[in-house]
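Participant:
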Amino acid sequence: MKIGYSFKLFILTLGLCSATMITATPKMVDRIAAVVNHDVILESSVNQMFMALKTSTHPSELPNDATLRHQVLERLIVDNLILQKADKAQTNVTEQDLNNAISRIAQQNNISLSELKAHLARSNISFDQYRNRIRNEMIIEQTRMNEVRRRINISPQEVDNLAKIIAEKPNDNIEVNISHILIATPESPTRDQLIQAQNKANMIVKKLNAGESFALLAASYSNDDLALSGGKLGWKRINELPSLFEDKLIRAPKGKIIGPVRSNVGFHILKVNDNRTKAKQTVTVNEVNARHILLKTSIIFDDNQAKEKLSQIRHDILNNATTFQAAAKAYSEDPGSKNNGGELGWSMPEQYDESFRNALLKLKKGEISRPVKSAFGWHIIQLLDSRKQDKTEAAYKEQAYRMIFNRKFAEESQVWIQELRSDAYINIIDDTK
Numbered sequence: 017m018k019i020g021y022s023f024k025l026f027i028l029t030l031g032l033c034s035a036t037m038i039t040a041t042p043k044m045v046d047r048i049a050a051v052v053n054h055d056v057i058l059e060s061s062v063n064q065m066f067m068a069l070k071t072s073t074h075p076s077e078l079p080n081d082a083t084l085r086h087q088v089l090e091r092l093i094v095d096n097l098i099l100q101k102a103d104k105a106q107t108n109v110t111e112q113d114l115n116n117a118i119s120r121i122a123q124q125n126n127i128s129l130s131e132l133k134a135h136l137a138r139s140n141i142s143f144d145q146y147r148n149r150i151r152n153e154m155i156i157e158q159t160r161m162n163e164v165r166r167r168i169n170i171s172p173q174e175v176d177n178l179a180k181i182i183a184e185k186p187n188d189n190i191e192v193n194i195s196h197i198l199i200a201t202p203e204s205p206t207r208d209q210l211i212q213a214q215n216k217a218n219m220i221v222k223k224l225n226a227g228e229s230f231a232l233l234a235a236s237y238s239n240d241d242l243a244l245s246g247g248k249l250g251w252k253r254i255n256e257l258p259s260l261f262e263d264k265l266i267r268a269p270k271g272k273i274i275g276p277v278r279s280n281v282g283f284h285i286l287k288v289n290d291n292r293t294k295a296k297q298t299v300t301v302n303e304v305n306a307r308h309i310l311l312k313t314s315i316i317f318d319d320n321q322a323k324e325k326l327s328q329i330r331h332d333i334l335n336n337a338t339t340f341q342a343a344a345k346a347y348s349e350d351p352g353s354k355n356n357g358g359e360l361g362w363s364m365p366e367q368y369d370e371s372f373r374n375a376l377l378k379l380k381k382g383e384i385s386r387p388v389k390s391a392f393g394w395h396i397i398q399l400l401d402s403r404k405q406d407k408t409e410a411a412y413k414e415q416a417y418r419m420i421f422n423r424k425f426a427e428e429s430q431v432w433i434q435e436l437r438s439d440a441y442i443n444i445i446d447d448t449k
């Protein structure tokens, strides 16, 4: 699993994590709460998440018990559908990735792994149950990313256009801290379903304008996966949000309620918690132009022999018995650079092996290092030159791509969930307790 994946799980506080963990509850006769395709959701699973939320969330941000139970069941249904999709795709998480994720959760909460285990024990949460829930959350996020990513197409022209806007209008580079409520509609809603959803959205906006808690109303009514977190989306750049929100958010003051805004998945309500403008920044990086001679070791050519051979080559170069370029062509075992006299071209030092990089950064212009061992073998390195390079344009393009991807991902993710539900057999056995 790559770090680039956008796992909300890794940055959650322990309190919020525990809201989605399996917790100990009184013994009871289990029964089925819902049938989801070929699988079932047990009443005990609903009660476990229900009780965890009740004990970890301020009462003012939770709806009445019947509404909260309904929202928990809806969350478990969506999770179950995604896990079924993951099972068909044979998506899994390695033990190492799981261990790393749990370690990151502990680090984010400034506690050790042993302290995390102790906290779980005090909360009557089995560490094995905790690991299984974290594993499921990771599989859900990985599956969502894999499935939605393949639905996204981003053209170079889109990236260039947005990068140009970022460069030319830095004062329009606005970020907003927002909360969100979604009143979802079916994939092909009837007129009555649309009217019913819009009426519900209008009712929520009326309550918000009368001063009722956004977090409470999100937990009560919202159909997206942040409902039980009060609908909090956090800080977002306007350009990475769905395009239908952009014009409405760009000049919205703090505290503004926006909506209902209709999309193809339902009606959206937003609250601007805060906003800020990012000033234009210049991105400058250090680059080095270097060359090297590489000797690889083997059973018949060990470290000592490689080091000694390179020391002799270095001595010959320093004493003008040969040139670096000629020696590289004669001895180097790096096929990508030997024919160029060992030259590697302009690169950022971070692209090199750690040992190679550390030796290179200690050199003065024109200086040749003593033999250095890296993961690839033994080297002598010469620093030809260094410079500061303006990478602002490349940074703007990278930022533009990321913003477009995040916007399209948000849009497509809701559509994908809508399609999952439309294609599934879902039978809620009892949604009143």
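For the working numbering, add 16 to where a residue sits in the sequence shown, where the first one is 1. From the three backbone atoms N, C-alpha and C, an ideal C-beta is built for every residue, glycine too.
#1: Please go through the stretch 240 to 313 and give each complete beta strand (DSSP E) segment of 3 or more residues, from N-terminal end onward.
#2: Could you give the DSSP three-state label for V94: helix, strand or coil?
#3: Note down, in chain order, each residue of its chain lying with its Cβ closer than 8 Å to the Cβ of V277, except the 5 sequence neighbours on either side.
#4: Which of the three DSSP states, helix, strand or coil, is assigned to H54?
#5: Assuming L334 and P387 make a contact with CB atoms under 8 Å, what is their CB distance in whole Å?
#6: For the putative contact between T159 and T107, defined by C-beta atoms under 8 Å, what is the C-beta separation to the nearest angstrom?
#7: Quick check for students: name the residue ranges of the alpha helix (DSSP H) that lie wholly in the stretch 181 to 230, counting only runs of 4 or more.
#8: Please say whether V56 and L89 have beta carbons closer to each other than 7 Å?
#9: Measuring only the C-alpha atoms, how far is S195 from L92?
#10: What residue ranges within the stretch 367 to 439 form continuous beta strand (DSSP E) runs of no fewer than 3 residues, ordered along the chain?
#11: Does any heavy atom of the ligand ZN sit closer than 6 Å to the C-beta of P365?
#12: Going by DSSP in three states, L326 sits in which element: helix, strand or coil?
#13: I'd like to know whether the C-beta atoms of G358 and I420 end up nearer to each other than 7 Å.
#14: Apart from the five residues just before and just after L233, which ones in its own chain have a Cβ nearer than 7 Å to its Cβ?
#15: Rounding to the nearest angstrom, what Cα-Cα distance links T71 and R149 in this structure?
#16: Quick one: residues in its chain with C-beta nearer than 6 Å to the C-beta of N422, no 5 flanking neighbours on either side, listed in chain order?
#17: Is the distance from the Cβ of I397 to the Cβ of A306 below 7 Å?
#18: Using a Cβ-Cβ cut-off of 7 Å (strictly less than) and excluding sequence neighbours within five positions of R403, which residues of its own chain qualify?
#19: For F143, count neighbouring C-beta atoms within 10 Å of its own C-beta (all shown protein chains included) and say buried if the count is 16 or more, exposed if not.
#20: Over the uninterrupted beta strand (DSSP E) stretch that includes N80, give me the two end residues.
#21: If we ignore side chains and look at the alpha-carbon of each, how far apart do R138 and I211 end up?
#22: Is the beta carbon of N193 less than 7 Å from the beta carbon of D290?
#23: Taking the alpha helix (DSSP H) that I141 belongs to, which residues open and close that run?
#24: Quick check on the DSSP output: the alpha helix (DSSP H) that includes S363 runs from which residue to which?
#25: Among residues of its own chain, excluding the 5 on either side of Q209, which ones have a beta-carbon nearer than 8 Å to its beta-carbon?
#26: Specify whether the stretch 114 to 126 and the stretch 172 to 180 touch according to this definition: at least 3 beta carbon pairs, one from each stretch, less than 8 Å apart.
#27: In whole angstroms, what is the alpha-carbon distance linking E59 and A82?
#28: In angstroms with no decimal places, state the Cα-to-Cα distance between I316 and W394.
#29: Here's a check: name, in chain order, each residue in its chain whose Cβ is nearer than 6 Å to the Cβ of N443, leaving out the five neighbours to either side.
Facilitator: According to the data block:
#1: 248 to 253, 273 to 279, 282 to 293, 300 to 311
#2: Taking the first residue of the sequence shown as 1, we reach residue 94 at position 78. In the structure shown, V94 sits in a helix (DSSP, three-state: H, G or I).
#3: Position 261 of the sequence shown, counting from 1, holds the residue named residue 277. If we look at V277 and ignore the five residues flanking it on each side, its Cβ neighbours are L260, F261, K264, F283, H284, I285, L286.
#4: Locating residue 54 in the sequence shown gives position 38, where the first residue counts as 1. If DSSP states are grouped into helix, strand and coil, H54 belongs with coil.
#5: Start at 1 with the first residue of the sequence shown, and residue 334 comes out as number 318. Start at 1 with the first residue of the sequence shown, and residue 387 comes out as number 371. Rounded, the Cβ-Cβ distance is 13 Å, inconsistent with contact.
#6: For the purposes of this step, residue 159 is identified with residue 143 of the sequence shown, where counting begins at 1. For the purposes of this step, residue 107 is identified with residue 91 of the sequence shown, where counting begins at 1. Sure, about 5 Å apart at Cβ, within 8 Å.
#7: 207 to 225
#8: Position 73 of the sequence shown, counted from the first residue, corresponds to residue 89. Position 40 of the sequence shown, counted from the first residue, corresponds to residue 56. No, the Cβ-Cβ distance between L89 and V56 is not below 7 Å.
#9: Within the sequence shown, numbered from 1, the residue matching residue 195 stands at position 179. Within the sequence shown, numbered from 1, the residue matching residue 92 stands at position 76. So the two alpha carbons sit approximately 22 Å from each other.
#10: 388 to 390, 393 to 406
#11: In the structure shown, the ligand ZN is absent, as is every other ligand, since no ligand is present at all.
#12: For the purposes of this step, residue 326 is taken as the residue at position 310 of the sequence shown. Here L326 sits in helix by DSSP.
#13: Position 342 of the sequence shown, counting from 1, holds the residue named residue 358. Position 404 of the sequence shown, counting from 1, holds the residue named residue 420. Contact: no.
#14: Position 217 of the sequence shown, counted from the start, is the residue given in the question as residue 233. So the list reads I197, I220, K223, L224, once near-sequence residues are dropped.
#15: The sequence position of residue 71 within the sequence shown is 55, counting from 1. The sequence position of residue 149 within the sequence shown is 133, counting from 1. Roughly 18 Å between the two C-alpha positions.
#16: As a first step, residue 422 is located in the sequence shown; it is residue number 406 there, counting from the start. The answer, listed in chain order, is E256.
#17: One-based indexing of the sequence shown puts residue 397 at position 381. One-based indexing of the sequence shown puts residue 306 at position 290. Yes, they are a contact pair.
#18: As a first step, residue 403 is located in the sequence shown; it is residue number 387 there, counting from the start. Once the five neighbours on either side are set aside, the close Cβ partners of R403 are E303.
#19: Taking the first residue of the sequence shown as position 1, residue 143 is located at position 127. With fewer than 16 Cβ atoms within 10 Å of its Cβ, F143 is classed as exposed.
#20: As a working note, residue 80 is residue 64 in the sequence shown. Neither: N80 is in no beta strand (DSSP E) and is coded neither H nor E.
#21: In the sequence shown, residue 138 corresponds to position 122, counting from 1. In the sequence shown, residue 211 corresponds to position 195, counting from 1. Answer to the nearest angstrom: the Cα atoms are 48 Å apart.
#22: Walking along the sequence shown from the start, residue 193 turns up at place 177. Walking along the sequence shown from the start, residue 290 turns up at place 274. Yes.
#23: On the sequence shown, residue 141 is found 125 positions in, with the first residue counted as 1. Careful: I141 lies outside any alpha helix (DSSP H) and carries neither H nor E.
#24: If you number the sequence shown from 1, residue 363 lands on position 347. Where S363 is concerned, there is no enclosing alpha helix (DSSP H), although the beta strand (DSSP E) it sits in stretches over 359 to 363.
#25: Position 193 of the sequence shown, counted from the start, is the residue given in the question as residue 209. So the qualifying residues of the chain are T201, P202.
#26: no
#27: As a working mapping, residue 59 is identified with position 43 in the sequence shown. As a working mapping, residue 82 is identified with position 66 in the sequence shown. Answer to the nearest angstrom: the Cα atoms are 14 Å apart.
#28: Counting from one through the sequence shown, the residue named residue 316 turns up at place 300. Counting from one through the sequence shown, the residue named residue 394 turns up at place 378. Their backbone Cα atoms lie some 15 Å apart in a straight line.
#29: For the purposes of this step, residue 443 is identified with residue 427 of the sequence shown, where counting begins at 1. V51, listed in sequence order.
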